[in-house]
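J.: Okay, handing you the structure first.
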Amino acid sequence: MPNHEDFNLLIVDDNEMNRDVLRRHLVRQGYQQILAAENGKEALEMLSGHNFDLILLDIQMPQMNGYELLAYLKADLKLSHIPVIMISAVDEIDSVVRCIEMGAEDYLHKPFNRVLLKARTSACLEKKRLRDQEEIYRQQLEEANKKLAEVNQQLEQLSKLDGLTGIANRRYFDDAIAKAWSIAVAEKQTIALIIFDIDFFKQFNDAYGHQAGDECLKQVARVAQRTIKRPHDVVARYGGEEFVVILPNTPLSGAEKLARELRQDVENLQINHAYSAASMYVTISLGVTAVLAGGDRGYSEIIANADKALFLAKQQGKNQVQV
Ligand code: GH3
Ligand code: MG
Ligand code: MG
Ligand code: MG
């Protein structure tokens, strides 16, 4: 529970004696931060410079009266949350109803009963404190949810990257090929695919160790990313020592040219491989395919075709491109 002295109170009354009586009562109840205004206009000036927790508002005042000030407060987003207790000599039900309907928290008749004043003031302030606390929690919750969404997005992205090489993984590829295919169908474009696989990699691992094997995979992935550089192309680790490249809007001739470049770039890495029958360095075999998207064929067909071409490349002696 906060202390009474933490609350900021504003008395608005045109009668000096009324203001003093009210102030004295409130001070006796333990409130210390009490400001007073003579009319609505003066009150508004004070409101622009202070944060009040409660306003005790007279109705009949020259210039801006209590109704007018109340209406102004309730229409202002920055002020509407401040509770207002009307304190007035107007002893008519209509006036009470009007104030409550306009958003006043409570109503006290002058001359007021100090026990009633105490009870209503502290009830109002306690409600205000709880609402403020709720607002703080709500903001914290919103902040936490925002951070959670960011973390989830990062996790989602990480879950689509291959842990060893840092390039797209199989999951990413599965999404990407489906998207690229539907775009190709809509645009009536040719889509090409390259699947490649490191030659004699089992022997490489056996001879140089798994760590060297991992390092080799990383280098091959890096060089593939360097060679395949258009923004919509996707290089992914398909599994093990097998990689796949999606080339949207690319004819077979273009894909084949790229595949040959890639084969050369990997051999140029000059990763020694004494147990390869195809070269003195680590090499790859590549299968290339391209189809005009559309009709009733799906993208599984291009994957199967590229796989077949890769199989042929292995069969024909490895370290080569087949279509
Ligand atoms: P081919 O020339 O016909 O492709 O034969 P290969 O030996 O390359 O192919 P095989 O399928 O017989 O062996 C693939 C090897 O790749 C076996 C496996 O241990 C290795 N491999 C798969 N993933 C990883 C990896 O993440 N790290 C390492 N170091 N080796 C891997
Ligand atoms: Mg008055
Ligand atoms: Mg292999
Ligand atoms: Mg393989």
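Mapping the sequence shown onto the numbering used here, position 148 (from 1) lands on 193, and the numbers just tick up by one.
No residue lacks a Cβ here, since even glycine has one placed at the ideal position from N, Cα and C.
Under 6 angstroms from any heavy atom of ligand 2, by CB: list those residues in chain order, please.
T.: Asp58, Asp59, Asn60, Asp103, Gln105, Met106
J.: Is it the case that the Cβ atoms of Thr295 and Val311 are separated by a distance below 9 angstroms?
T.: no
J.: With a threshold of 8 angstroms (Cβ to nearest heavy atom), would Ile243 be considered close to ligand 3?
T.: Under cutoff, so the answer is yes.
J.: Please confirm whether Leu71 and Ile132 have their CB atoms less than 9 angstroms apart.
T.: Taking 9 angstroms as the cut-off, the Cβ atoms of Leu71 and Ile132 do not count as close.
J.: Should Tyr182 go down as buried or exposed, given a rule of 16 or more other Cβ atoms within 10 Å for buried?
T.: exposed
J.: What alpha helix (DSSP H) runs, 4 residues minimum, are completely inside the stretch 204-240?
T.: 215-232
J.: DSSP three-state call for Gly384: helix, strand or coil?
T.: Outside the shown range of the chain (46 to 368) lies residue 384, about which nothing can therefore be said.
J.: Using C-beta distances below 6 angstroms, list every residue in its chain close to Leu292, excluding the 5 sequence neighbours before and after it, in chain order.
T.: Ala237, Asp278, Ala300
J.: Is Phe249 near ligand 4, with its Cβ less than 8 angstroms from a heavy atom?
T.: no
J.: Do Ala269 and Phe288 have their C-beta atoms within less than 9 angstroms of each other?
T.: yes
J.: Closer than 8 angstroms: is that where the CB of Gly332 sits relative to any heavy atom of ligand 4?
T.: no
J.: Let me check you understand the geometry: is the CB of His277 closer than 8 angstroms to at least one non-hydrogen atom of ligand 1?
T.: No; taking the cut-off as 8 angstroms, the Cβ of His277 has no heavy atom of ligand 1 nearer than that.
J.: Using only the heavy atoms of ligand 4, determine whether one of them is closer than 8 angstroms to the beta carbon of Gly258.
T.: no
J.: Here's the rule: buried if 16 or more other CB atoms are within 10 angstroms of the residue's CB, otherwise exposed. What is Gly258?
T.: buried
J.: Using only the heavy atoms of ligand 4, determine whether one of them is closer than 8 angstroms to the beta carbon of Leu246.
T.: Leu is not the amino acid found at residue 246; the sequence shown has Phe there. At least one heavy atom of ligand 4 is nearer than 8 angstroms to the Cβ of Phe246, so yes.
J.: When the Cα atoms are used, what is the spatial distance from Leu153 to Asp51?
T.: 23 angstroms
J.: Check the C-beta distance from Ile56 over to Ile79 and give it rounded, since I have them as a contact under 8 angstroms.
T.: About 7 angstroms separates the two Cβ atoms, so the contact holds.
J.: Counting only beta-carbon separations shorter than 9 angstroms, does Cys261 have a partner in chain B?
T.: Of the chains in the structure shown, none is chain B; there is only one protein chain.
J.: Do Ala221 and Ala319 come within 9 angstroms of each other at the CB atom, strictly closer than that value?
T.: no
J.: For ligand 1, any of its heavy atoms closer than 8 angstroms to the Cβ of Glu301?
T.: no
J.: Contact defined as beta carbons within less than 8 angstroms: I believe Leu102 pairs with Leu114. What is the distance between those atoms, to the nearest angstrom?
T.: Correct: roughly 6 angstroms between the Cβ atoms.
J.: Output the residue ranges of the alpha helix (DSSP H) runs that lie fully inside the stretch 236-316 and measure 4 residues or longer, sorted by chain position.
T.: 246-253, 255-272, 297-313
J.: Is it right to say Gln198 is buried, meaning 16 or more other beta carbons lie within 10 angstroms of its own, or is it exposed?
T.: exposed
J.: Compute every distance between the C-beta of Gly339 and the non-hydrogen atoms of ligand 6, then say whether any falls below 8 angstroms.
T.: Ligand 6 is not part of this structure, which contains only ligand 1, ligand 2, ligand 3 and ligand 4.
J.: Can you give me the start and stop residues for the alpha helix (DSSP H) that Asp139 sits inside?
T.: 138-147
J.: How big is the Cα-Cα spacing for Asp151 and Arg69?
T.: So the two alpha carbons sit approximately 20 angstroms from each other.
J.: Got a sec, what are the start and stop residues for the alpha helix (DSSP H) Ile348 sits in?
T.: 345-360
J.: Can you grab the Cα-Cα spacing for the pair Leu203 / Leu355, in whole Å?
T.: Whole-angstrom Cα-Cα distance: 29 angstroms.
J.: Could you tell me which residues DSSP pairs with Asp151 in its beta bridges?
T.: Ile130
J.: Given this structure, state the Cα-to-Cα distance separating Ile30 from Val368, to the nearest angstrom.
T.: It is not possible to answer for residue 30, since the shown part of the chain is limited to 46 through 368.
J.: Just the C-alpha distance for Gln234 and Gly340, rounded to the nearest angstrom, thanks.
T.: Looking at the backbone, the Cα of Gln234 and that of Gly340 are separated by about 12 angstroms.
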